[in-house]
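Under our numbering, think of the first position of the sequence shown as 16, with each following residue one higher.
C-beta atoms are modelled at their ideal positions from N, C-alpha and C, and glycine is treated no differently.
What follows is a short report on a single structure.
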Amino acid sequence: MANYVFPPHLFAALHIAGSDQLFPVRRVYCVGRNYAGHAREMGSDPDREPPFFFCKPGDAAAVVPVAPGTVAELPYPPQTSNYHYECELVVAIGKGGSDIPVEDAHQHIFGYAVGLDMTRRDLQGKMKDAGRPWEIGKAFDYSAPVGQLRRASEVPGVESAGIALALDGAVRQSSSTDHMIWSVAETIAKLSTLFRLEPGDLIFTGTPEGVGAVERGQSLTGSIDGLDSLSVKFV
Ligand code: MN
Numbered sequence: 016m017a018n019y020v021f022p023p024h025l026f027a028a029l030h031i032a033g034s035d036q037l038f039p040v041r042r043v044y045c046v047g048r049n050y051a052g053h054a055r056e057m058g059s060d061p062d063r064e065p066p067f068f069f070c071k072p073g074d075a076a077a078v079v080p081v082a083p084g085t086v087a088e089l090p091y092p093p094q095t096s097n098y099h100y101e102c103e104l105v106v107a108i109g110k111g112g113s114d115i116p117v118e119d120a121h122q123h124i125f126g127y128a129v130g131l132d133m134t135r136r137d138l139q140g141k142m143k144d145a146g147r148p149w150e151i152g153k154a155f156d157y158s159a160p161v162g163q164l165r166r167a168s169e170v171p172g173v174e175s176a177g178i179a180l181a182l183d184g185a186v187r188q189s190s191s192t193d194h195m196i197w198s199v200a201e202t203i204a205k206l207s208t209l210f211r212l213e214p215g216d217l218i219f220t221g222t223p224e225g226v227g228a229v230e231r232g233q234s235l236t237g238s239i240d241g242l243d244s245l246s247v248k249f250v
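If you want it as structure tokens, here you go:
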């Protein structure tokens, strides 16, 4: 055992459906504006501007229990008055690689989960206007809640599945994962030209239209057909 001056930080580990094993998280990559409807609601033209990547720290991943009826409580973050939800399909990488060809991309996928790319939209907007990095809007504590992982072999239809988010029970986002501009395979291929992917990496693949604010005390339920939904309340 190395002589650390304090215990090394352990990142989140996701529960795997039907297993007592855990999936340890390394990095959290995110795709921006990967659904045309969301790109438009954010004021950009998806026909002219392709999607892009940004990152959250691995310890921003917040594991959400998925026992039926469970609503996980997470802290409402400081310094925002416009705290937005973005429901997303999360891809969990099980095999590393660089310059992964599109046709090989699925061999690198361990499984999938529902995630929320939580965003301090007011802070993100200020940084966008100033041409500055997005971290204070995107990469804060608990900004990436993730539900239970399903192994890829269990959910063959997850890349053309209904994706929805409800705020206090009212549906606010409703689309299909096959409306992504970059498919999951294309996303893995492009991302792996920029960073070597490793087991434990998560990729948030973008959100459909309908994003909006959640207030303190309200609950969000994110769902994707075939995956375990997740419910969180920010307190
Ligand atoms: Mn997003």
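With fewer than 16 neighbouring CB atoms inside 10 Å of its own CB, Q36 falls in the exposed class. With contacts defined by Cβ atoms closer than 7 Å, P93 and A154 do not form a contacting pair. For the ligand MN, a non-hydrogen atom lies closer than 6 Å to the CB of E101. A75 has its alpha-carbon roughly 16 Å from the corresponding atom of Y98. In terms of side-chain proximity, the C-beta atom of T222 is found nearer than 6 Å to a non-hydrogen atom of the ligand MN. Comparing C-alpha distances from F210 to each of H30, F68, F38, D60 shows the shortest one belongs to F68. About 7 Å separates the Cβ atoms of G221 and G47, confirming a contact at the 8 Å cut-off. Between the stretch 51-70 and the stretch 230-249, the count of C-beta pairs closer than 8 Å stays below three; the two stretches do not touch. Contact check for I108 against H123 passes: the beta carbons are separated by less than 7 Å. Under DSSP, the beta-bridge partners assigned to M195 are Y50. The Cβ atoms of D114 and T208 sit closer than 7 Å to each other. In chain order, F69, Q139, M142 place their CB closer than 7 Å to the CB of W149, counting only its own chain and leaving out the 5 sequence neighbours on each side. The beta carbon of A200 sits closer than 7 Å to the beta carbons of V117, A120, H121 from its chain, once the five residues preceding and following it are set aside; these are given in chain order. Of the candidates M133, E64, A27, A176, the residue whose Cα lies closest to the Cα of G241 is A176. In the DSSP assignment, A145 falls within the unbroken alpha helix (DSSP H) covering 136-145.
A Cβ-Cβ separation of about 27 Å leaves A32 out of contact with D183 under the 8 Å criterion. Going by beta carbons, L29 and V106 fall outside the 7 Å limit. In the structure shown, L206 adopts helical secondary structure according to DSSP, grouped into three states.
Within the model, the alpha-carbon separation for P80 versus S96 is close to 27 Å.
By the C-beta density criterion, F249 is buried, having at least 16 other C-beta atoms within 10 angstroms. Remark: the C-beta of D193 is outside contact range of the ligand MN, defined as less than 6 Å to any heavy atom. The three-state reading of DSSP puts K153 in helix, counting H, G and I together. According to DSSP, residue pairing for A76 in a beta bridge involves A159.
Here the alpha carbon of R42 sits roughly 19 Å from the alpha carbon of C102.
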